Structure formats: structure tokens, C-alpha cells
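Quick note, the sequence shown lines up with residues 1 to 64 if you use UniProt numbering.
Backbone N, C-alpha and C define an ideal beta-carbon position, used for all residues, glycine too.
Keep in mind the model is a prediction, meaning the values are calculated, not measured.
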Amino acid sequence: MSTAARMLPMIWVRFAALLIFGIYVAYRQAWWLLVFAVVMMLLTISQLVVGHRARREEQAELRQ
């Protein structure tokens, strides 16, 4: 299993934490913190895409 595929559960936890943090700072109207949270969420989403793609490719290799 690749490193990216092994990290998927923790990346999902990080995404959930960032989402909750983003909602909280939006409620508190701390817009500069909200921008930071959104940027971090976008980076996390890109890591999730890469991790899921790596896992899918590994599973395809195992089937052959």
C-alpha cells in the first residue's frame, strides 16, 4: 500500500476538522482566518484526490 493510500483516514479527519474550524470562524466573522481555512481545505482536497487515485491504481495492479 502506498504512503498516500495509507494516509487517507487521517486526511479525512483533517478535512473534517478544517471544515468545523471554517464554520466556526465564519460564525465569528474572522474573515482572514476563514481564507486560511479555505486554502487549507483546498490543499486537503487535492491530497485526498491524489491518495484515492493512488489507491485505485494499486487495486487495479493487484487485479491483473
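Quick check on residue 10: does DSSP put it in helix, strand or coil?
Reduced to three states, the DSSP call for residue 10 is helix.
In this structure, how does DSSP classify residue 28 when only helix, strand and coil are distinguished?
In the structure shown, residue 28 sits in coil (DSSP, three-state: anything other than H, G, I, E or B).
Taking only three categories from DSSP, how would you classify residue 130?
Coverage of the chain is limited to positions 1 through 64, which leaves residue 130 absent and any answer about it impossible.
On the criterion of 16 or more Cβ atoms from any shown chain inside 10 Å, does residue 18 qualify as buried, or is it exposed?
With 16 or more other CB atoms across the displayed protein chains lying within 10 angstroms of its CB, residue 18 is buried.
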